[in-house]
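Q: Handing you a structure now.
Number of protein chains: 2
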Amino acid sequence: MKRKGIRFERELIHALWDEGFAAIRSAGSGSSGYPSPDILASNGKITLAIEAKVREKLPLYIPAEKVRELVMFSNLFGAKPVIALKIKKEKWRFFEIDVLQETEKGYKISKDNFYMGKELGEILNRYTQERL
Amino acid sequence: MKRKGIRFERELIHALWDEGFAAIRSAGSGSSGYPSPDILASNGKITLAIEAKVREKLPLYIPAEKVRELVMFSNLFGAKPVIALKIKKEKWRFFEIDVLQETEKGYKISKDNFYMGKELGEILNRYTQERL
Numbered sequence: 577m578k579r580k581g582i583r584f585e586r587e588l589i590h591a592l593w594d595e596g597f598a599a600i601r602s603a604g605s606g607s608s609g610y611p612s613p614d615i616l617a618s619n620g621k622i623t624l625a626i627e628a629k630v631r632e633k634l635p636l637y638i639p640a641e642k643v644r645e646l647v648m649f650s651n652l653f654g655a656k657p658v659i660a661l662k663i664k665k666e667k668w669r670f671f672e673i674d675v676l677q678e679t680e681k682g683y684k685i686s687k688d689n690f691y692m693g694k695e696l697g698e699i700l701n702r703y704t705q706e707r708l
Numbered sequence: 577m578k579r580k581g582i583r584f585e586r587e588l589i590h591a592l593w594d595e596g597f598a599a600i601r602s603a604g605s606g607s608s609g610y611p612s613p614d615i616l617a618s619n620g621k622i623t624l625a626i627e628a629k630v631r632e633k634l635p636l637y638i639p640a641e642k643v644r645e646l647v648m649f650s651n652l653f654g655a656k657p658v659i660a661l662k663i664k665k666e667k668w669r670f671f672e673i674d675v676l677q678e679t680e681k682g683y684k685i686s687k688d689n690f691y692m693g694k695e696l697g698e699i700l701n702r703y704t705q706e707r708l
C-alpha cells in the first residue's frame with residue numbers, strides 16, 4: 577500500500593508539472609518533527625499544500641490533528657490547504673477543508689461529499705479565478 | 577557524510593522555523609525526475625528554494641546543471657534560489673547565485689567569496705527589505 581501510494585504521488589507530481597506548476601514531494605514530517613504536507617506546488621501565483629491519500633474505496637477518515645497541521649503550515653507558508661484523494665478507478669479529486677464532513681474525531685470523505693472534490697484542472701482554475 | 581548532511585539540514589529547517597518560516601525537506605529529485613531544491617521555506621512573503629551543502633572545508637564546486645535547475649525551479653515556483661553552505665566550525669552561509677564564482681564547468685565557493693555569503697538573519701532581512 578505504501579509503495580502504491582508513492583507511485584500515485586509521483587503521478588500527481590507529474591500532472592502538476594504538466595499544468596505549469598513546480599511541485600516537490602516532502603521528505604515527510606518524520607524527518608523534522610515539524611508539520612509537512614506531502615506535496616508543495618506553485619506556479620508563482622497559486623501555491624498548494626497537498627495532503628495526498630490513496631485508498632481502495634471510500635470513506636476516507638482524516639484525524640483532526642492532521643487537518644490542523646495542514647492548515648497551520650499553509651497559513652504560515654502562504655499556501656492553499658488541499659486534501660487530494662485517489663480512489664480506485666476514479667481520478668484524483670481535490671478537497672478544500674470546508675467540504676470535508678466533520679466526524680467525532682476529525683473529518684471524512686464519503687460517497688456524500690466525494691463529488692464535491694474537484695478534478696485538478698478545476699481546482700487550479702478556481703484559484704486562478706479568485707486572484708483576478 | 578550523507579548522514580551528517582541530513583543532520584545539518586534538519587538544523588537548518590529548525591533555524592528557519594525559529595525565524596517564522598514554514599520549511600520542508602524535499603524527498604529529492606530522484607523520486608520524480610523533476611528538479612527539486614533540498615529545502616523550501618516561506619513565511620508567506622518571502623519564499624526560498626535552498627540547495628544545502630555540507631563540507632569539511634572550501635572550496636565547494638557546484639555543477640552548472642545544478643544551478644540551472646535550481647534557478648528554473650525557483651522561477652516557476654516564485655522563490656529566491658539560494659545555495660546554503662555549512663563548513664566545519666562556521667555558521668551556515670547563504671549565497672545568491674550572483675556571488676558564486678564561475679568555473680569552467682560551473683561555479684564555486686572559495687575563500688575569496690565565502691564571506692560574501694550571508695548568515696540566515698541577514699539574508700531574511702535583505703529579502704524582507706526588498707519588498708518594502
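Taken in sequence, the protein lines are chains B and P. Residues in the first sequence are numbered consecutively from 577, following the numbering used here. Residues in the second sequence are numbered consecutively from 577, following the numbering used here. Using N, Cα and C, we set each Cβ at its ideal position, and we do this for glycine too.
Could you check whether the Cβ of LEU661/B sits closer than 9 Å to any Cβ belonging to chain P?
A: False, the Cβ-Cβ gap to chain P never drops below 9 Å.
Q: Do you know how far the Cα of LEU636/B is from the Cα of ASP688/B?
A: 12 Å
Q: Whose CA, out of ILE685/P, GLU672/P and ARG631/P, lies closest to the CA of ARG702/P?
A: GLU672/P
Q: Do PHE597/P and ALA617/P have their beta-carbon atoms positioned less than 9 Å apart in this structure?
A: It is a contact, given that the beta carbons lie within the stated cut-off.
Q: What does the alpha-carbon distance come out to for the pair SER634/P and LYS665/P?
A: First, the residue type needs correcting, since residue 634/P is Leu and not Ser in the sequence shown. If you take the alpha carbons of LEU634/P and LYS665/P, they lie about 12 Å apart.
Q: In chain order, what residues of the same chain have a beta carbon less than 6 Å from the beta carbon of ILE659/B, not counting five sequence neighbours either side?
A: GLU627 and PHE671
Q: In chain P, which residues lie with their C-beta within 8 Å of the C-beta of ASN701/B?
A: Per Cβ cutoff of 8 Å: no residues; ASN701/B is ~18 Å from chain P at best.
Q: Indicate whether at least one CB of chain P lies closer than 9 Å to the CB of LYS621/B.
A: True, the Cβ-Cβ gap to chain P drops below 9 Å.
Q: Does the CB of GLY604/B have a neighbour CB from chain P at under 9 Å?
A: yes
Q: Could you list which residues in chain P have their beta carbon closer than 8 Å to that of TRP593/B, in chain order?
A: Simply TYR610.
Q: Taking the beta strand (DSSP E) that VAL658/B belongs to, which residues open and close that run?
A: 656–663
Q: With a CB to CB cut of under 8 Å and the five nearest residues on each side skipped, what residues in its chain are close to THR623/P?
A: LEU616, ALA617, PHE653, GLY654, ALA655 and LYS656
Q: Could you compute how far the alpha carbon of LYS621/P sits from the alpha carbon of VAL630/B?
A: 32 Å
Q: Using a Cβ cut-off of 9 Å (strictly closer), state whether LEU652/P contacts chain B.
A: yes
Q: Identify the contact partners of LEU616/P in chain B, using a Cβ-Cβ distance below 8 Å as the criterion.
A: ILE600 and LEU616
Q: May I have the straight-line CA-CA distance separating LEU646/P from LEU676/P, to the nearest angstrom?
A: 14 Å
Q: For the segment 600–633 of chain P, list the beta strand (DSSP E) runs that are entirely contained and at least 3 residues long, ordered along the chain.
A: 615–618 and 623–631
Q: Flag this pair as yes or no: are the beta carbons of PHE649/B and SER612/B separated by less than 9 Å?
A: yes
Q: From the beta carbon of ALA655/P, is the nearest beta carbon of chain B less than 9 Å away?
A: yes
Q: Kindly list, in the order they appear in chain B, the residues whose Cβ is closer than 9 Å to that of ILE626/P.
A: Residues of chain B passing the Cβ test: none, with the nearest at roughly 12 Å.
Q: Express the C-alpha separation of TRP593/B and LEU661/B in angstroms, rounding to a whole number.
A: 18 Å
Q: In terms of alpha-carbon separation, which member of TYR610/B, ALA603/B and ASP614/B lies closest to ASP614/P?
A: ALA603/B
Q: With 9 Å set as the bound, which would you pick, yes or no: does the beta-carbon of GLY581/P sit closer than that to a beta-carbon of chain B?
A: no
Q: State the start and end residues of the unbroken beta strand (DSSP E) segment that holds PHE671/B.
A: 669–672
Q: Whose C-beta lies closer than 7 Å to the C-beta of VAL667/P among residues of the same chain, with five residues either side of it excluded?
A: The question names Val, but residue 667/P is Lys in the sequence shown. For LYS667/P, where only same-chain residues beyond five positions count, the Cβ hits under 7 Å are GLU695.
Q: Mind checking which residues open and close the beta strand (DSSP E) that includes LEU636/B?
A: 636–639
Q: Which residues in the same chain as GLU698/B place their Cβ atom closer than 6 Å to its Cβ, once the five residues preceding and following it in sequence are excluded?
A: none
Q: Can you pull the chain P residues whose beta carbon is under 8 Å from the beta carbon of PHE584/B, in chain order?
A: Contacts between PHE584/B and chain P, judged by CB atoms closer than 8 Å, are missing: the closest CB pair is about 13 Å apart.
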